[in-house]
Amino acid sequence: MAAGQFSWDWPIIIEEYVFGLAAGLAILGVLLSLRNYQRFASLIRPLITGSTLLAIIGMVTLVVELGRPERAANAIINLLVLGTSVMSRTVPVLMVFTAAAVIATIFWIKPTSLVRVRRFFEIVLLLSAFPAGLQAGILLMAASKRLLWQTPVLPYLYLFTGILAAIGVLGLMIIRNTRLYEEFTDLLIDLNTYTVILLVVSGFATIAHLVLVESPAAVLNLLTNPFPLAAPTFYIGYLIVGLGLPATHSYIAFSAKTPLSRNILLRLFISLIVGALALRISILYAGQLF
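Residue numbers (UniProt numbering): 1 to 290.
The structure is reproduced here in C-alpha cells:
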C-alpha cells in the first residue's frame, strides 16, 4: 500500500502525538503542583504552558484533518449529533482539556493569590488530561475495523507513552540547566523510577493487546509476515524504538550510582520522547498494512 493510499496519515500522527504529550505534560504539571507548587513553580509553569500550546496545535490539526473533503460531511454529522459516535464523545473532551489548560496557564503566567481557584482549574485539567491522553487510541479502536487496533488496551498504551514522553521533556528541562539539575536531583530519581514502572506496565499492556487481537493466527501473521511491511514496522517502530530503547536506557539509569550522570539521563529522556512518536507511527501504519 502506497503512502498516499493510507486512510490515516501524518495529520493523525501529529494530532495523536501532540495531544498525548500535552496530556502527559498537564498530568506532570498538576501532580507537581499538588505535591509542592512553591518548590516546583519553575517547572510547573513551562509544563502547563507547553501543554496548552500543544493542545491548541492538536485542535487545529484535528479541525484541518476533519475538514478534508472526504471526511467533512461525516465529521459534521458526528459532531452535531452528540453521544452517537466516538467522535462526538471525544472531541468535546479535548475541547474541555484545551480550555482548562488555557485557564491554568493564565493563572501560572500571572501569579495570583487565588490559589484555591487556580487549584480548581488544575484539578479540572488533571481529570480531563487522562481521557485526552486516551482519546487517540479510542478513536483508532472504534473508527475502523483493523485487527491491530481492535482491543481496549490500545488507548492505555497511548496514555502511558504520552506520560513517558512528558517525563522526557521534563527531564530535559532539568538536566540542561545546572541549577535545576542540582536542585532537583531527587526528582530526577523519582522520574526514572516512574519511567521503569510505566515501561513495565506498557510491556504487559503490549502483551495483553496482542493476546486480545482477534486470533493467534492474526498475531502470528503480524509478527512473521514481512510483506507488506507490517512486521518490520511493528518490530522497529513499536518494540525496538518505542519500548526497547527506552527500557534499556531506563535500566542503565536505574542501575547507575547517584547523582545520575547527565549523559545517561540525556539518552534516557530523548529515547522516551522519540519512543512515544515511533510507537504511534508504527501502530498507525502497521494497523493499516496488517
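Glycine is no exception: its CB is placed at the ideal position from the N, C-alpha and C atoms.
Everything numeric in this text was worked out from a predicted model, so none of it was measured.
Run through DSSP, which three-state label would residue i get?
i, result
"Asn-36", "helix"
"Ala-278", "helix"
"Leu-223", "helix"
"Pro-246", "helix"
"Ala-99", "helix"
"Leu-229", "coil"
"Ala-22", "helix"
"Phe-269", "helix"
"Phe-184", "coil"
"Pro-259", "coil"
"Leu-114", "coil"
"Val-196", "helix"
"residue 316", "Residue 316 lies beyond the residue range present for the chain, which begins at 1 and ends at 290; the question has no answer from this structure."
Nearest to residue i by CA position, among the options, is which residue?
i, options, result
"Glu-15", "Tyr-37, Ala-55, Ala-41", "Ala-55"
"Ala-136", "Pro-92, Phe-40, Tyr-17, Leu-260", "Tyr-17"
"Arg-45", "Ala-26, Ala-208, Tyr-235, Val-219", "Ala-26"
"Thr-178", "Ala-205, Val-96, Ser-261, Ile-109", "Ser-261"
"Phe-120", "Ile-109, Ala-100, Leu-268", "Ala-100"
"Leu-28", "Leu-140, Arg-116, Lys-110, Gly-171", "Gly-171"
"Ala-278", "Leu-159, Leu-289, Ile-240", "Ile-240"
"Leu-21", "Ile-174, Ile-281, Leu-289, Ile-273", "Ile-273"
"Phe-19", "Ile-174, Ala-166, Ile-283, Ile-197", "Ala-166"
"Thr-52", "Ser-202, Thr-98, Leu-114", "Thr-98"
"Asn-263", "Arg-176, Thr-151, Thr-105, Phe-184", "Arg-176"
"Val-200", "Ala-217, Thr-224, Ser-250", "Ser-250"
"Ser-33", "Ala-253, Pro-92, Ala-217, Arg-116", "Arg-116"
"Thr-193", "Leu-159, Ile-207, Ala-247, Ile-57", "Ala-247"
"Leu-159", "Ile-123, Ser-202, Glu-122, Val-124", "Ser-202"
"Leu-154", "Leu-223, Met-173, Leu-134", "Leu-134"
Is it buried or exposed, residue i, if we count other Cβ atoms within 10 angstroms and call 16 or more buried?
i, result
"Gln-38", "exposed"
"Trp-10", "exposed"
"Ser-255", "exposed"
"Thr-258", "exposed"
"Ser-271", "buried"
"Arg-280", "buried"
"Leu-139", "buried"
"Ser-128", "buried"
Note down the Cα distance separating residue i from residue j, rounded to an integer number of angstroms.
i, j, result
"Leu-157", "Glu-182", "33 Å"
"Leu-126", "Leu-243", "25 Å"
"Tyr-285", "Ala-230", "8 Å"
"Ala-132", "Leu-94", "6 Å"
"Trp-108", "Arg-35", "16 Å"
"Met-141", "Ile-103", "31 Å"
"Arg-146", "Ala-41", "44 Å"
"Met-59", "Ala-23", "13 Å"
"Ile-236", "Leu-245", "10 Å"
"His-209", "Lys-110", "44 Å"
"Ile-189", "Val-64", "40 Å"
"Tyr-238", "Leu-220", "16 Å"
"Pro-69", "Leu-180", "The predicted model places Pro-69 with a pLDDT of 47, which falls under 50 and marks its position as unreliable; any figure quoted below should be read in that light. Cα to Cα, the separation comes out at about 48 Å."
"Ile-163", "Ala-276", "9 Å"
"Phe-184", "Leu-191", "10 Å"
"Leu-82", "Pro-92", "Because the pLDDT of Leu-82 is 48, which lies under 50, any placement of that residue in the model is unreliable, and the question is left without a value."
Please give the ranges of any alpha helix (DSSP H) in the stretch 117-177, keeping only runs that are unbroken, at least 4 residues long and fully inside the region. 154-175
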